[in-house]
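Undergrad: Sequences listed follow chains A and B, in order. Residue 103 in the numbering used here sits at position 103 of the first sequence; the count goes up by one each step and never skips. Residue 1056 in the numbering used here sits at position 56 of the second sequence; the count goes up by one each step and never skips. Glycine included, every Cβ here is placed at the ideal spot set by N, Cα and C. The structure presented is a predicted model; accordingly, all values stated were derived computationally and were not measured.
2 protein chains.
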Amino acid sequence: MIKVSVMYPNTAGARFDHEYYRNKHMPLVKARMGDACKSYTVDKGIAGGAPGDPATYVGMCHIFCDSIEAFQAGFGPHAKEIMADITSQTIPTSPRSSRSAKSS
Amino acid sequence: MIKVSVMYPNTAGARFDHEYYRNKHMPLVKARMGDACKSYTVDKGIAGGAPGDPATYVGMCHIFCDSIEAFQAGFGPHAKEIMADITSQTIPTSPRSSRSAKSS
Chain A
1 MIKVSVMYPN
11 TAGARFDHEY
21 YRNKHMPLVK
31 ARMGDACKSY
41 TVDKGIAGGA
51 PGDPATYVGM
61 CHIFCDSIEA
71 FQAGFGPHAK
81 EIMADITSQT
91 IPTSPRSSRS
101 AKSS
Chain B
1001 MIKVSVMYPN
1011 TAGARFDHEY
1021 YRNKHMPLVK
1031 ARMGDACKSY
1041 TVDKGIAGGA
1051 PGDPATYVGM
1061 CHIFCDSIEA
1071 FQAGFGPHAK
1081 EIMADITSQT
1091 IPTSPRSSRS
1101 AKSS
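(1) DSSP three-state label for B:Phe1064, please.
(2) Listed in chain order, which residues of the stretch 1030-1058 of chain B have Cβ atoms closer than 9 Å to some Cβ of chain A?
(3) Can you list, in chain order, the residues of its chain whose CB lies under 7 Å from that of B:Gly1048, leaving out five sequence neighbours each side?
(4) Can you check which of these residues, A:Ala101, A:Cys65, A:Met33 and A:Cys61, is closest to A:Ile91 by C-alpha distance?
(5) What residues match up with B:Met1007 in a beta bridge as DSSP calls it?
(6) Note down, in chain order, each residue of its chain lying with its Cβ closer than 6 Å to the Cβ of A:His18, except the 5 sequence neighbours on either side.
(7) Run the CB neighbour count on A:Ala79, radius 10 Å, all protein chains shown included, and call it buried at 16 or more, exposed below.
(8) Straight-line CA distance for A:Tyr8 to B:Met1007?
(9) Buried or exposed for B:Ser1094, please, with buried defined as at least 16 other CB atoms from any protein chain shown within 10 angstroms of its CB.
(10) Grab the span of the beta strand (DSSP E) containing B:Lys1044 for me, first residue to last.
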């Protein structure tokens, strides 16, 4: 099992339309990826590590797939449409991405 | 439900003893936090967002709690012991931390 994490840095003035992201964007991702996306989660950043610190990321999503190849096969053909679904008006467009193996 | 994510940047030469982290460190965290830690997951970074990119984070853990207050009450009294359990020999000691609300 692998997890693709897309993490949106909490830069000054970053807007993030959580409502849209959770209710429209991620369901679109799931619909296009089909069974290649086993499940996904969405996070809303609320705080940093120390009391009073701002959240490192304003939002994150995590997409679970059987393998990197399965992710690429499911996401690749729809990448253009999926990326076009979000704009800098609603979601910061320079996220960090990271692929991880779930080890426990 | 909130999630506390601790993310270890994949800096040049960063060592990360995944075996120790998964089998010793995180079980210690769970044992000390008790019921305040509802569950946790551990990730091993394998790649970045684009083909050929290195992982953004060499390792991550995510601790699920009922609330920030529950996390603080469970973790705070044991923070010194938990932090002392990892050293720069095994785990990079400057992680990013972020607290998120799980929104779906």
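TA: Once the coordinates are examined:
(1) In this structure, B:Phe1064 counts as strand in the three-state DSSP scheme.
(2) For the stretch 1030-1058 of chain B, which is checked against every Cβ of chain A, the residues closer than 9 Å are Tyr1040, Thr1041, Val1042, Asp1043, Lys1044, Gly1045, Ile1046, Ala1047, Gly1048, Gly1049, Ala1050, Pro1051, Asp1053, Ala1055, Thr1056 and Tyr1057.
(3) For B:Gly1048, where only same-chain residues beyond five positions count, the Cβ hits under 7 Å are Pro1054, Ala1055 and Thr1056.
(4) Checked all of A:Ala101, A:Cys65, A:Met33 and A:Cys61; the closest Cα to A:Ile91 is A:Cys61.
(5) BP columns for B:Met1007 point to B:Met1060 and B:Arg1096.
(6) Excluding sequence neighbours, A:His18 sits near Lys44.
(7) Label assigned to A:Ala79: exposed.
(8) In a straight line, the C-alpha of A:Tyr8 is about 14 Å away from that of B:Met1007.
(9) B:Ser1094 counts as exposed, since fewer than 16 other beta carbons sit within 10 angstroms of its beta carbon.
(10) For B:Lys1044, the uninterrupted beta strand (DSSP E) segment begins and ends at Ser1039 to Gly1048.
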